[in-house]
Amino acid sequence: MASKLKAEYAYLSDYFNIFPLMAHSEHSSSATKAADSHLRQQFDSNTAYPRKPKFQVSPLYDIHNQSESGESMSRKPIEIDGRTGEGGGQLVRVAIALAAVTTQPVRITNVRGNRPSRGGGGSGRSKKGDSSSSKGGGLKAQHVTAIRWLAEATEAEVEGLSVGSSTLTFIPRLPPSAALVNKSRKIKIVADTSAASTLLILQAILPFLLFAGGDEAKPIELEIQGGTNVDFSLSYEYLDQVLLSRLESSFEGVRVDRKVLRRGWSRGPQSRGSIALTIHPLKPGQPLRQVSPPANPYKGRPSDLRNVVHRIDVTMMGPSHTETSLQETLTKDIALAFPNAEINFKYFEDSHSEKQVYALLVARDASESLSWGSDDYVSGASHRQGKHGPAPVGLACVGEISRRVVSKLVNELLIPGSTVDQYLQDQLIIFQALAEGTTSFPRATAPESSSGDDVKIASQDMAQLDLGERMRKDKTDKPFGYGSLHAQTARWVASEILPSVEWYNKGTICKGVGTSFS
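In terms of full-length UniProt numbering, the sequence shown has 286 at position 286, counting the first letter as 1, and numbering is strictly consecutive.
See below:
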């Protein structure tokens, strides 16, 4: 098995430089890395939030010590160390999202403690008692925007809600089912900067809105203004074609209509973008429940994963003069890596800027029930070379972005028993924790480190999930399980906020708490 996997791994490694390309900029040139570093610093040093709101507790609201799902709630805030695991913004989003859904108070210290300090670094040391200047990035504008809305919706008491704050206390009072009673179901959220990702804001509030149906479960219209194509964030295209598509097909009753109104890029000319969504909440008393999972098509043969791909959907963005070249290059590279797959070019969108080049590949199996995404941006800063001066940035970057997105897709499909890509896996965890019954979205370890047990666990028939003798309960005292550090950390946070959630076989299977509101 190991030798077969190594042979598969070697198949395209020379051409695509397969496994090292696991992040957007790891193998970019030094100029690209410098540009990306500058972007990180720029985003971490957003203009300070103009006011520091404090949401007062409503003395008229009766606090219950038990959620409607039966989950025991402690009114003492659960302490979360923001340096744990990946130690970034996702930890904050998952913790606050779950706290809002369950009305569980939470206190996060060392917010984004594993990220650079605002302004790009320094010693990381702070004065005693100065929470805003301690080591770590602190809250960013998009965190403040999302938490501010959740605080208003839940009538929460909040401390530390400002850009750069390293300690956040969030004490929600209203459950989702009561949050929009006698209130408008048309919501508009405007991020404080154009660089704040609309998709990361949505990631924090979507679980809450799915349970905010009230007595009649009427649709909720949501508009979020900010960035739609932002570095270090999922793109609108990934949200549309991968995340929401999988949520709708995997969980009963989930439906989110969506469209992009305006583009907002973090590269090149910046402007505030906008997305519009119509969220159809779950009905009263209805929990999240996974639709009968599809039979795993790999049948214990992880080396055949590329042959499982029936079609690859391609979305491209860039200046108009790159369309033909980008399509031709992607066609060649995809055909080399996936010779049996149909290639479907969904659309090309003119970005009007040579610094705004983006591609998304979505591989699908024949049943359309499984999908894997791979996307990337290319920074124009690394493509200004040329024999007679600067080369056209768009044309120069076509080969690089094609190889990068195809490489990452091949990587995903060499993972034993993979049914999700690495980014989708960590974004589904919060929904697994809240769901009723068992859910599973397997993605094991990398081929070079996989064992026979990994393959057996990840490639078992998903339609026959059973918490029987073969299931080994996971310890949840620290980040755990298969997948990226983001996925491991998300499981740990979910287990801290929801102590009754259970994980088995290195996070492969989750037994959720079955949250619902009558």
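Virtual Cβ for every residue (Gly too), placed ideally from N, Cα, C.
Inset, instruction - State the start and end residues of the unbroken alpha helix (DSSP H) segment that holds Leu434. - result: Here residue 434 refers to the residue found at position 434 of the sequence shown. Segment Gln422 to Leu434, the alpha helix (DSSP H) holding Leu434.
Inset, instruction - Please name the residue in Ser353, Ser367, Gln142 and Ser184 whose C-alpha comes closest to that of Gly89. - result: Locating residue 89 in the sequence shown gives position 89, where the first residue counts as 1. It is Gln142 whose Cα lies nearest to the Cα of Gly89.
Inset, instruction - Please report how far the alpha carbon of Asn110 lies from the alpha carbon of Asn344, in whole angstroms. - result: Mapped onto the sequence shown, residue 110 falls at position 110. Mapped onto the sequence shown, residue 344 falls at position 344. Going by the C-alpha atoms only, they are around 45 Å apart.
Inset, instruction - Compute the Euclidean distance between the alpha carbons of Arg185 and Leu336, then round it to the nearest angstrom. - result: The residue given as residue 185 occupies position 185 in the sequence shown. The residue given as residue 336 occupies position 336 in the sequence shown. Whole-angstrom Cα-Cα distance: 49 Å.
Legend entry - Range covered by the alpha helix (DSSP H) that runs through Ala99: In the sequence shown, counting from the first residue as 1, residue 99 sits at position 99. That run of the alpha helix (DSSP H) goes Gly89 to Thr102.
Legend entry - Exposed unless 16 or more other CB atoms sit within 10 angstroms - verdict on Leu413: The count along the sequence shown starts at 1 and reaches residue 413 at position 413. With 16 or more other Cβ atoms from the protein chains shown falling within 10 Å of its own Cβ, Leu413 counts as buried.
Inset, instruction - Would you mind working out which of Ile187, Leu210, Gln422 and Asp81 sits nearest Ala276, comparing C-alpha positions? - result: In the sequence shown, residue 276 corresponds to position 276, counting from 1. Of the listed residues, the one whose Cα sits closest to Ala276 is Ile187.
Legend entry - Same chain only: Cβ atoms within 7 Å of Leu409, ignoring 5 sequence neighbours per side: Here residue 409 refers to the residue found at position 409 when the sequence shown is read from its first residue. Counting only Cβ-Cβ distances below 7 Å, and skipping sequence neighbours, we find Leu361, Ala363, Trp372 and Ser374.
Inset, instruction - Report back the beta-carbon spacing between Leu234 and Tyr423 to the nearest angstrom; my notes put them in contact at under 8 Å. - result: For the purposes of this step, residue 234 is identified with residue 234 of the sequence shown, where counting begins at 1. For the purposes of this step, residue 423 is identified with residue 423 of the sequence shown, where counting begins at 1. The Cβ separation is near 7 Å, so the contact holds.
Inset, instruction - Taking Ser495 as part of the beta strand (DSSP E), name the residues at either end of that continuous run. - result: Stepping through the sequence shown from its first residue, residue 495 is reached at position 495. For Ser495, there is no enclosing beta strand (DSSP E); the residue is found in the alpha helix (DSSP H) stretching over Leu485 to Ile497.
Inset, instruction - Go ahead and pull the three-state DSSP assignment for Leu21. - result: As a first step, residue 21 is located in the sequence shown; it is residue number 21 there, counting from the start. Here Leu21 scores only 41 on pLDDT, less than 50, and its place in the model should not be relied on; the value that follows carries that caveat. Coil.
Legend entry - Integer Cβ distance of Asp365 from Val309, believed to fall under 8 Å: Mapped onto the sequence shown, residue 365 falls at position 365. Mapped onto the sequence shown, residue 309 falls at position 309. The C-beta distance from Asp365 to Val309 rounds to 7 Å, short enough to fall under 8 Å.
Legend entry - Per-residue burial, Lys511 [other beta carbons within 10 Å of its own, 16 or more giving buried]: Taking the sequence shown and counting its residues from 1, one reaches residue 511 at position 511. Counting Cβ neighbours within 10 Å, Lys511 comes out buried, since at least 16 surround it.
Legend entry - Supposed contact pair Lys355 and Gly226 - C-beta distance, whole angstroms, cut 8 Å: In the sequence shown, residue 226 corresponds to position 226, counting from 1. In the sequence shown, residue 355 corresponds to position 355, counting from 1. That pair is no contact at about 19 Å.
Inset, instruction - Please go through the same chain and pick out, in chain order, the residues whose beta-carbon is closer than 7 Å to the beta-carbon of Pro176, but skip the five residues on each side of it. - result: On the sequence shown, residue 176 is found 176 positions in, with the first residue counted as 1. Cβ within range, chain order: Val101, Phe208, Phe211, Ala212 and Phe517.
Legend entry - Distance between Leu243 and Glu157 (C-alpha atoms, nearest Å): Against the sequence shown, residue 157 aligns to sequence position 157. Against the sequence shown, residue 243 aligns to sequence position 243. If I take the Cα positions, the gap works out to 31 Å.
Legend entry - Segments assigned beta strand (DSSP E), at least 3 residues, entirely inside the segment 285-365: Runs of the beta strand (DSSP E) lying entirely within the segment 285-365 and spanning at least 3 residues, in chain order: 309-318, 342-350 and 357-365.
Legend entry - Counterpart residues of Asn229 in DSSP-defined beta bridges: For the purposes of this step, residue 229 is identified with residue 229 of the sequence shown, where counting begins at 1. Paired residues: Trp265.
Legend entry - Local Cβ density within 10 Å of Gly507, reported as buried at 16 or more and exposed below that: Position 507 of the sequence shown, counting from 1, holds the residue named residue 507. Classification of Gly507: buried, given that the 10 Å Cβ count is 16 or more.
Legend entry - Integer-rounded CB distance, given that Leu168 should sit under 8 Å from Leu139: Here residue 139 refers to the residue found at position 139 when the sequence shown is read from its first residue. Here residue 168 refers to the residue found at position 168 when the sequence shown is read from its first residue. So it is a contact: roughly 7 Å between Cβ atoms.
Legend entry - Backbone secondary structure at Glu248 - three-state DSSP: Reading the sequence shown from its first residue, position 248 is the one you call residue 248. In this structure, DSSP gives Glu248 a helical state, which the three-state scheme calls helix.
Inset, instruction - Quick one: grab the DSSP three-state call for Ser374. - result: Along the sequence shown, read from residue 1 onward, the residue named residue 374 stands at position 374. Shown here, Ser374 sits in a strand according to DSSP, grouped into three states.
Inset, instruction - Please report how far the alpha carbon of Phe251 lies from the alpha carbon of Val291, in whole angstroms. - result: The count along the sequence shown starts at 1 and reaches residue 251 at position 251. The count along the sequence shown starts at 1 and reaches residue 291 at position 291. Going by the C-alpha atoms only, they are around 5 Å apart.
Inset, instruction - Could you tell me which residues DSSP pairs with Glu157 in its beta bridges? - result: For the purposes of this step, residue 157 is taken as residue 157 along the sequence shown, with counting starting at 1. Looking at the DSSP output, Glu157 shares a beta bridge with Ile171.
Inset, instruction - Please report the residue range of the alpha helix (DSSP H) in which Ser177 lies. - result: Taking the sequence shown and counting its residues from 1, the one referred to as residue 177 is at position 177. That run of the alpha helix (DSSP H) goes Pro176 to Ala179.
Inset, instruction - Let me know if Asp215 comes out buried or exposed under the rule of 16 or more other beta-carbons within 10 Å of its beta-carbon. - result: Position 215 of the sequence shown holds residue 215. Exposed, since its Cβ has fewer than 16 Cβ neighbours within 10 Å.
Inset, instruction - For the segment 190-242, list the beta strand (DSSP E) runs that are entirely contained and at least 3 residues long, ordered along the chain. - result: Runs of beta strand (DSSP E) with 3 or more residues, each lying fully within the segment 190-242, are found at 220-226, listed in chain order.
Inset, instruction - Spell out a yes or no on whether the segment 494-505 and the segment 469-482 are touching, meaning 3 or more CB-CB pairs, one atom from each, closer than 8 Å. - result: Short answer: they touch.
Inset, instruction - Compute the beta-carbon to beta-carbon distance between Gln432 and Gly85, rounded to the nearest angstrom, for a pair I have assumed lies under 8 Å. - result: Here residue 432 is taken as the residue at index 432 of the sequence shown, counted from 1. Here residue 85 is taken as the residue at index 85 of the sequence shown, counted from 1. Actually they are not in contact, since the Cβ atoms of Gln432 and Gly85 sit about 17 Å apart, beyond 8 Å.
Legend entry - Closest Cα partner of Ala97 within the set Ser266, Pro116, Arg148 and Gly399: The sequence position of residue 97 within the sequence shown is 97, counting from 1. Looking at the Cα atoms, Arg148 is the closest of the given residues.
Legend entry - Extent of the continuous beta strand (DSSP E) run through Arg107: Locating residue 107 in the sequence shown gives position 107, counting from the first residue. Its beta strand (DSSP E) spans residues Val106 to Thr109.
Legend entry - For Arg185, the three-state DSSP class (helix, strand or coil): Walking along the sequence shown from the start, residue 185 turns up at place 185. Correct three-state label for Arg185: coil.
Inset, instruction - Using 10 angstroms around the beta-carbon of Ile509, count the other beta-carbons present and answer buried if the total reaches 16, otherwise exposed. - result: Locating residue 509 in the sequence shown gives position 509, where the first residue counts as 1. So Ile509 ends up on the buried side.
Inset, instruction - Sort out for me which residues DSSP pairs Thr278 with in a bridge. - result: Reading the sequence shown from its first residue, position 278 is the one you call residue 278. According to DSSP, Thr278 bridges with Glu221 and Asp257.
Legend entry - Limits of the unbroken beta strand (DSSP E) element including Asp81: Residue 81 sits at position 81 when you count from the first residue of the sequence shown. Residue range Ile78 to Asp81 is occupied by the beta strand (DSSP E) that includes Asp81.
Inset, instruction - On a CA-only basis, which of Val314, Glu349, Tyr347 and Ser320 is nearest Thr331? Give me that one, please. - result: Locating residue 331 in the sequence shown gives position 331, counting from the first residue. Looking at the Cα atoms, Val314 is the closest of the given residues.
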